[in-house]
Amino acid sequence: MTLDEFKSLCQQDECPAGINRLLEALWYDARGDWDAAHQIVQNISGIDSSWIHAYLHRKEGDLANASYWYRQAGRRKPDNPLRTEWERIVSTLLPKEDRKKHQGTGTAV
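Quick note on numbering: the sequence shown equals residues 0 to 108 in numbering that gives the first Met the number 0.
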């Protein structure tokens, strides 16, 4: 899936079946449901979920909390617009999702 395809999915009224929880959080965020996105990532551990958690707190305006989560993700707080960061996160996660779907199928990614 490409970034543009994911953006198109964000226009749908229901979260697409089969996407991973981190992309689901970003889908909810794109739909304006910060609380649902936050609920998802706060229950997942790992670098990618920490990055999304940081982004969400940056979006909320809680920069101290965002800084904590950027540190957990091993990242610096970006100076770019929130939309640019959202796209970067999605673009980073999509190839990981594609690799997971193709593992064990013998299909090259």
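Built from N, CA and C at the ideal position, the CB exists for glycine as well.
In the structure shown, R82 adopts helical secondary structure according to DSSP, grouped into three states. A36 is positioned such that its CB atom lies no closer than 8 Å to that of A53. Every alpha helix (DSSP H) of 4 residues or more that sits fully in the stretch 8-68 is shown, in chain order, as 20-29, 33-40, 46-59. In the displayed model, R70 falls within a helix according to three-state DSSP. Residue state for R87 is assigned as helix, using DSSP reduced to three classes.
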